[in-house]
Amino acid sequence: MNEEIPPYYTPSLKIRLAMTFGMFGLLAVFIIWLFAYLPTDQFILGVSLFALYMAPGAGKESVVPVMMGFGFPWWVVLAGIVIIDMTLAVLISFNFDLLLKIPILGQVLMFFTGKTNNLLQRKPWIKGLSVGGLLIFMYVPFMGSSAIDTSIIGRLLSIHPKIILPIVLVGSILATLTMAFGASAIINLWFVHPLYAIGAVAGVIACGALIYFGWKKFTARRFPKKE
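Here it is, written out as structure tokens:
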């Protein structure tokens, strides 16, 4: 099922350039379109929030609800997040070996790689479920999961980029839509009555906790940690 390749997979220069510049070109087109479509103040706010999304510690669970709260259309949020995720995934998947050689950036990637290695040790189900585990990891907003972490895990597990990229794409779309429509529903409930919104948030947290502990119990039995 997995089309595995050696850990030090190195695509040709032609493929590197086509994929990397293609995605960055798409990102540039999206930013230009935002500038033409949005009012200036909202454009500045939107670009700032999208930039914040790429910073360590920020994620869909924080940026998407904020953007929905500021009135950005859900499809603008979706397009921006997915394009950013795919750009980062392509950058890592096709240029990881080169990026490691760049001062400072290489050290940052080594930090992410070390963190990801520790994550795989703590969460053996990701490796055990292979492609399915990566998709779950990319979709569920926990453990700081992101396109960068997902791409690095794919590299560490020797999974071909043509498998990693669809995982990032599907996971990014599903996660962003879940966050966007969830945040929109809670905002609408707040305007109906604040207690409704508070109750909805409490319900989501409770359901999330039940799913988390249930999943943790299942994976502990199915994929025990190696001593």
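Be aware that the sequence shown starts at 2, since it is given in this note's numbering, and climbs by one per residue.
Every residue gets a Cβ at the ideal spot worked out from N, C-alpha and C, and that includes glycine.
It should be emphasised that the depicted structure is a prediction, and the values quoted were computed from it without experimental measurement.
Per-residue burial, residue i [other beta carbons within 10 Å of its own, 16 or more giving buried]
i                : result
isoleucine 187   : buried
serine 13        : exposed
phenylalanine 97 : buried
lysine 15        : exposed
glutamate 4      : Annotation note: pLDDT 42 at glutamate 4 (below 50); position unreliable, no value reported.
proline 74       : exposed
glycine 107      : exposed
phenylalanine 51 : buried
leucine 53       : exposed
glycine 172      : buried
Residue i - DSSP class collapsed to helix/strand/coil
i              : result
isoleucine 160 : strand
glutamate 5    : Confidence at glutamate 5 is low in this model, with a pLDDT of 42, below 50, so the placement of that residue should be treated as unreliable; the coordinate-derived value is given next. It is a strand residue.
isoleucine 32  : helix
serine 94      : helix
leucine 100    : helix
glycine 60     : coil
threonine 11   : coil
glycine 215    : helix
serine 147     : coil
Of the listed residues the options, nearest to residue i (C-alpha basis)
i                 : options               : result
leucine 158       : Gly70, Ser131, Leu136 : Ser131
valine 67         : Ser49, Ile84, Val83   : Ser49
phenylalanine 182 : Ala29, Ala52, Trp76   : Trp76
alanine 148       : Thr41, Gly70, Thr114  : Thr114
Endpoints, alpha helix (DSSP H) assigned at residue i
i           : result
glycine 107 : 106 to 123
valine 132  : 132 to 140
glycine 72  : Neither: glycine 72 is in no alpha helix (DSSP H) and is coded neither H nor E.
leucine 50  : 41 to 54
Beta carbon of residue i nearer than 9 Å to that of residue j
i              : j              : result
leucine 166    : serine 94      : yes
leucine 79     : isoleucine 174 : yes
isoleucine 168 : threonine 151  : yes
threonine 177  : valine 65      : yes
isoleucine 1   : methionine 24  : Residue numbering for the chain in the displayed model covers 2 to 228; residue 1 lies beyond these limits and cannot be assessed.
isoleucine 154 : isoleucine 137 : no
leucine 101    : methionine 87  : no
isoleucine 160 : leucine 135    : yes
alanine 184    : glycine 70     : yes
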